[in-house]
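In terms of the UniProt record's numbering, the sequence shown is residues 1 to 519. Yeah, the Cβ is synthetic: ideal placement off N, Cα and C, and Gly gets one too. Worksheet: the structure to be examined is printed underneath.
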Amino acid sequence: MEEYGVTKEEAAKSSGMREGVNMGVDFEGTRLINFGIAGPLETVRPLARIVRFCVTSLLRIRQEETTIVAAFARETGGIGKQMIEIAEDIDEVATKVADQHALLAELQQGIRALSDANQRIVAAMEETLAGATAASAEAETSRQRVRGSLGDIDEVVRMVTDGRGLLLDLQDAMGNVVGVAQGIGHIARQTNLLALNATIEAARAGEHGKGFAVVAGEVKELSRRAGSASAEIRQTLEGLTGTAGKLVEQGDHSATKAGGLTAETAAIADTMDHIRTSLAEMAGRVENVAADASSIHDRSSGLSAEIDQAAEALAEFRTRLDATRSRLQDLLDAGERLVVLTAEAGIETQETPFVALAREKAREIGALFEQELAKGALSPDDLFDEAYQPVPGSNPPQYTTRFTALADRVLPAVQEAVKAGNGRIMFCTAVDRNGYLPTHNLEFSKPQGGDPAWNAAHCRNRRKFDDAVGLKAARNTNPFAVQSYRRDMGGGKQALMLDVSAPILVNGRHWGALRIGYV
């Protein structure tokens with residue numbers, strides 16, 4: 001029956017009928033409802049048709065809304081993955097920008113230190129230049145004095161040389177005098193011999209030779225005196241000759257010394273010339289160095305200003321990156337909330353099966369824990385133990401609690417079945433409120449080795465995943481939570497994941513959550 005009207009006349013003939021209209025509402029070939037409106041047929045028939053049209057229109061709108069919302073939720077999930085990738089890229093760029101900013105800060109500090117050092121160099125060079133100029137002037141004065149002294153020394157050497165010549169002449173003259181004195185002595189000896197002979201002859205002559213004897217005596221006396229004077233002269237001349245020889249020897253020594261002094265003084269003069277030249281060259285070089293240092297200081301100051309501008313630009317860029325990352329996170333959170341809302345509204349999306357599975361298995365694990373408590377396998381305090389005991393030598397760190405053994409016994413059956421049931425599921429794990437994961441899937445529960453990177457990827461049991469995503473899942477008390485994130489696989493490797501979690505309740509108390517990660 002699509003539409004059936006009862007007239008006033010027909011109603012009057014039948015006690016069980018009233019004037020009005022009955023209509024059915026069909027949607028996509030299915031009868032949904034039948035309804036009737038009593039009243040004058042001419043009045044209620046159009047009204048009923050309007051009601052039927054409105055109901056079918058609302059159903060179509062609702063269907064389209066559901067389709068649109070579901071499609072939007074699906075697209076949002078895809079966009080969420082892209083936003084995560086963009087956010088990770090932004091984080092990487094932000095990290096590099098931060099590193100560059102730090103390097104610029106170090107470079108800036110180095111440039112400033114260089115500028116300060118150059119400034120000190122300029123000051124030192126100016127002082128050195130002043131000192132070198134003064135030293136050069138002093139060296140020139142000393143050089144002139146040495147050159148003047150060299151002339152005086154040359155004059156002294158000439159006088160010593162001339163004196164030596166005079167001493168040699170005097171020595172020669174005294175030698176001649178000695179020769180003359182020796183001749184006089186020889187003559188005196190001859191004369192004395194003649195006087196002796198004359199005396200002898202006078203004695204022989206007797207009385208006749210008395211006068212001759214007197215003369216012979218005088219001659220003898222004269223000869224004696226001449227010999228004595230000759231000896232005295234010779235002795236005196238010998239002393240003078242010795243003294244003159246010593247003077248000549250000392251003159252030779254003085255001449256030699258004077259000659260050496262002349263050479264040394266000339267060498268000193270040459271050295272002073274070299275010092276003056278070197279000081280002049282040094283002054284020129286110092287002046288050039290000072291100019292270069294001043295130029296470097298000016299360039300360093302300009303470069304420091306440019307680095308300041310670059311640092312400010314990087315800081316502003318980093319601030320904008322942080323703001324963009326924050327806005328992306330807001331969009332990602334909004335997308336996750338939309339997925340939750342669509343699931344709560346019963347709209348079928350790609351996440352719906354995983355949400356239902358997570359909620360079902362969370363309830364199942366909670367029931368298993370309750371059974372263990374009822375059997376007395378452990379106490380509530382044991383099950384909610386938060387005294388995490390480090391596993392010695394583990395890297396990354398692993399921990400045990402009083403409920404770890406229970407988790408190893410009851411969780412694998414549930415978790416392995418979930419992981420094996422869908423190829424998109426990468427892991428299924430139960431965590432407590434602090435993100436502690438006692439028992440992972442067997443694939444990720446290998447014994448640790450010596451390589452921390454390998455351990456991070458293959459030994460993920462007994463670990464604490466207390467990052468933002470892990471804690472949000474572990475501490476969520478809503479029916480479920482959906483998150484997108486990059487999973488750290490160790491060794492710098494990451495995997496883009498979707499995470500659906502549902503709270504695990506044990507006798508009404510929040511223990512943690514069941515997390516299902518899928519791609």
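Around the Cβ of residue i, are there at least 16 other Cβ atoms within 10 angstroms (buried) or fewer (exposed)?
i: Ile200; result: exposed
i: Ala305; result: exposed
i: Met17; result: exposed
i: Tyr485; result: buried
i: Asn478; result: exposed
i: His458; result: buried
i: Thr319; result: exposed
i: Ala358; result: buried
i: Tyr407; result: First, the amino acid is wrong: residue 407 is Ala here, not Tyr. Buried, by the Cβ-count rule.
i: Glu351; result: buried
i: Pro447; result: exposed
i: Phe354; result: buried
i: Asn34; result: exposed
i: Asn455; result: buried
Can you tell me whether DSSP reads residue i as helix, strand or coil?
i: His510; result: strand
i: Val519; result: coil
i: Phe27; result: strand
i: Ala322; result: Inspection of the sequence shows that residue 322 is occupied by Asp rather than by Ala. Looking at Asp322 - three-state DSSP - the assignment turns out to be helix.
i: Asn192; result: helix
i: Met282; result: helix
i: Glu3; result: strand
i: Val391; result: coil
i: Leu378; result: coil
i: Ser445; result: strand
i: Asn288; result: helix
i: Phe35; result: strand
i: Asp154; result: helix
i: Asn476; result: coil
i: Thr349; result: coil
i: Asp385; result: coil
i: Met426; result: strand
i: Asp116; result: helix
i: Asp308; result: helix
i: Asp466; result: coil
i: Thr400; result: strand
Kindly identify the DSSP beta-bridge partner or partners of residue i.
i: Asn461; result: Answer is none; Asn461 lacks a bridge partner.
i: Asp483; result: It should be pointed out that residue 483 corresponds to Gln in this sequence rather than to Asp. Gln483 is bridged to Asp499.
i: Leu103; result: Leu103 is not bridged to any residue.
i: Ile504; result: Gly512
i: Asn22; result: Tyr4 and Gly36
i: Thr243; result: In the DSSP output, where bridge partners are listed per residue, Thr243 has none listed.
i: Leu437; result: Arg463
Give me the Cβ distance between residue i and residue j, rounded to the nearest whole Å; I'm assuming they're in contact under 8 Å.
i: Asn441; j: Lys419; result: 5 Å
i: Gly517; j: Ala474; result: Contact flag wrong, Cβ pair sits at about 14 Å.
i: Arg462; j: Pro438; result: 6 Å
i: Ala7; j: Leu59; result: Here residue 7 turns out to be Thr, not Ala, going by the sequence shown. About 30 Å separates the two Cβ atoms, so there is no contact after all.
i: Leu107; j: Ile307; result: 6 Å
i: Ala311; j: Ala105; result: 7 Å
In terms of alpha-carbon separation, which member of the options lies closest to residue i?
i: Glu140; options: Leu383, Ser228, Thr271 and Glu155; result: Thr271
i: Gly508; options: Ala323, Ser136, Ala130 and Glu370; result: Glu370
i: Gly131; options: Ala313, Asp273, Gly470 and Glu287; result: Glu287
i: Ser326; options: Ile90, Leu32 and Ala293; result: Ile90
i: Val122; options: Glu10, Ala12, Ser294 and Val25; result: Ser294
i: Glu360; options: Ala453, His253, Cys428 and Phe444; result: Cys428
i: Val500; options: Glu19, Pro447, Ala362 and Glu443; result: Ala362
i: residue 548; options: Lys13, Arg433 and Gly20; result: Shown here, the chain extends from 1 to 519; a query on residue 548 therefore has no answer.
i: Asp467; options: Val431, Ala502 and Ser445; result: Val431
i: Lys138; options: Ile275, Thr243 and Gly24; result: One detail in the question is off: residue 138 reads as Glu in this sequence, not Lys. Nearest of Ile275, Thr243 and Gly24 to Glu138, Cα basis: Ile275.
i: Ala231; options: Ala205, Arg189 and Glu249; result: Arg189
i: Glu221; options: Gly421, Ala205, Gln250 and Thr191; result: Thr191
i: Phe27; options: Arg52, Glu9, Ile111 and Thr236; result: Arg52
i: Arg285; options: Leu373, Arg224 and Glu126; result: Glu126
i: Ile233; options: Gln182, Ser278, Ala205 and Val55; result: Gln182
Do residue i and the ligand ZN come close, with the Cβ less than 6 Å from some heavy atom?
i: Ala473; result: Ligands in the displayed structure: none, and consequently the ligand ZN is not present.
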